[in-house]
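To convert, note that position 129 of the sequence shown is 220 in this note's numbering; the numbers rise steadily by one, no gaps.
Here a beta-carbon is modelled for each residue, glycine too, at the ideal position from N, C-alpha and C.
Since we're looking at a predicted model, the values are computed, not measured.
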Amino acid sequence: MALTWVPLVAALLGGLFTLGSVALTQRSATKRERERLEATWAREDANRSYEHRRAAYVDFIKEVNQQWRDFAEMELEGDHYWEPTDDYRERSYNCLVQIEIFGTKEAAKLAEEALRILYNTLPAGEQQGQHHILDHQDLLEPLKSEIRRNLSIPDRPA
92 MALTWVPLVA ALLGGLFTLG SVALTQRSAT KRERERLEAT WAREDANRSY
142 EHRRAAYVDF IKEVNQQWRD FAEMELEGDH YWEPTDDYRE RSYNCLVQIE
192 IFGTKEAAKL AEEALRILYN TLPAGEQQGQ HHILDHQDLL EPLKSEIRRN
242 LSIPDRPA
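Here it is, written out as structure tokens:
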């Protein structure tokens with residue numbers, strides 16, 4: 092009689108050990124899968140954030156460049172006094188808001204400073220247009236440098 096219990100106990104212990112091993116293996120596989128998914132989501136979030144920052148920076152630079160070109164065209168046509176319309180200001184401030192949301196604090200500060208200089212410089216009617224166009228390049232250079240740093244874009248050679 093005792094001999095029949097030994098195989099049953101051995102089978103039961105073996106089954107429990109196998110079941111425990113399967114459960115532990117499944118648990119560790121589930122944990123690895125969750126960690127892999129979380130790492131994938133983190134990469135996707137970082138990529139999305141990068142794209143939002145990049146787009147905000149590019150849109151702002153394009154808007155400032157367009158406004159400067161419009162002013163330069165008016166100066167070439169002989170109109171040396173150009174007051175930016177509310178539409179111009181709204182478009183540029185909408186671009187600035189994007190930088191404030193997605194960009195760095197330093198980039199937002201530099202973009203705001205660029206707008207301040209832009210709108211304080213443009214209406215100066217007695218200055219020559221060429222002077223404004225040269226200032227335009229200097230106006231955006233600190234911001235472009237911060238953008239390259241923030242987006243991990245190597246600085247261009249001098």
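For Trp306, does the count of other Cβ atoms within 10 angstroms reach 16, so buried, or fall short, so exposed?
-> Absent from the model: residue 306. The displayed extent of the chain is 92 to 249, so no value can be given.
Between Ile192 and Gly106, what straight-line distance do the alpha-carbon atoms span, to the nearest angstrom?
-> Locating residue 192 in the sequence shown gives position 101, where the first residue counts as 1. Locating residue 106 in the sequence shown gives position 15, where the first residue counts as 1. Near 58 Å, if we compare the C-alpha coordinates of Gly106 and Ile192.
How far does the alpha helix (DSSP H) with Ser243 in it reach, from first residue to last?
-> Start at 1 with the first residue of the sequence shown, and residue 243 comes out as number 152. Looking at the DSSP string, Ser243 is not in any alpha helix (DSSP H), and its letter there is neither H nor E.
Does the region 226-244 touch the region 184-203, meaning 3 or more C-beta pairs lie closer than 8 Å?
-> yes
Among Tyr210, Glu204, Pro245, Thr131, the one whose alpha carbon lies nearest that of Leu234 = Walking along the sequence shown from the start, residue 234 turns up at place 143. It is Glu204.
Leaving out the 5 sequence neighbours to the left and right, which residues in its chain are closer than 6 Å to Gln219 when beta-carbon positions are compared?
-> Here residue 219 refers to the residue found at position 128 when the sequence shown is read from its first residue. The predicted model places Gln219 with a pLDDT of 45, which falls under 50 and marks its position as unreliable; any figure quoted below should be read in that light. Cβ neighbours of Gln219 beyond the five flanking positions: none.
What is the rounded straight-line gap between the Cα of Leu230 and the Cα of Leu209?
-> Position 139 of the sequence shown, counting from 1, holds the residue named residue 230. Position 118 of the sequence shown, counting from 1, holds the residue named residue 209. If I take the Cα positions, the gap works out to 8 Å.
CA-to-CA distance, Thr109 to Thr116, given in whole angstroms = Position 25 of the sequence shown holds residue 116. Position 18 of the sequence shown holds residue 109. So the alpha carbons of these two residues sit roughly 10 Å apart.
Check whether the Cβ atoms of Ser183 and Glu154 lie closer than 7 Å to each other.
-> As a position in the sequence shown, residue 183 is number 92, starting the count at 1. As a position in the sequence shown, residue 154 is number 63, starting the count at 1. In this structure, Glu154 lies closer than 7 Å to Ser183 by Cβ.
Return the residue from the list Trp96, Ala102, Cys186 that minimises the CA-CA distance to Ile152.
-> The residue labelled residue 152 in the question sits at position 61 within the sequence shown. The residue with the shortest Cα to Cα distance from Ile152 is Cys186.
Taking the C-alpha atoms as reference points, what is the distance between Lys122 and Ala146?
-> Sequence index remark: in the sequence shown, residue 122 carries index 31 (1-based). Sequence index remark: in the sequence shown, residue 146 carries index 55 (1-based). Roughly 36 Å between the two C-alpha positions.
List in chain order: all unbroken alpha helix (DSSP H) runs of 4+ residues lying wholly within the region 174-210.
-> 177-193
In three-state DSSP terms, what is Glu168?
-> Taking the sequence shown and counting its residues from 1, one reaches residue 168 at position 77. Coil, per DSSP.
CB Leu201 to CB Glu232, shorter than 7 Å?
-> The residue labelled residue 201 in the question sits at position 110 within the sequence shown. The residue labelled residue 232 in the question sits at position 141 within the sequence shown. No, Cβ-Cβ distance for Leu201 and Glu232 is not below 7 Å.
Output the residue ranges of the alpha helix (DSSP H) runs that lie fully inside the region 92-158 and measure 4 residues or longer, sorted by chain position.
-> none
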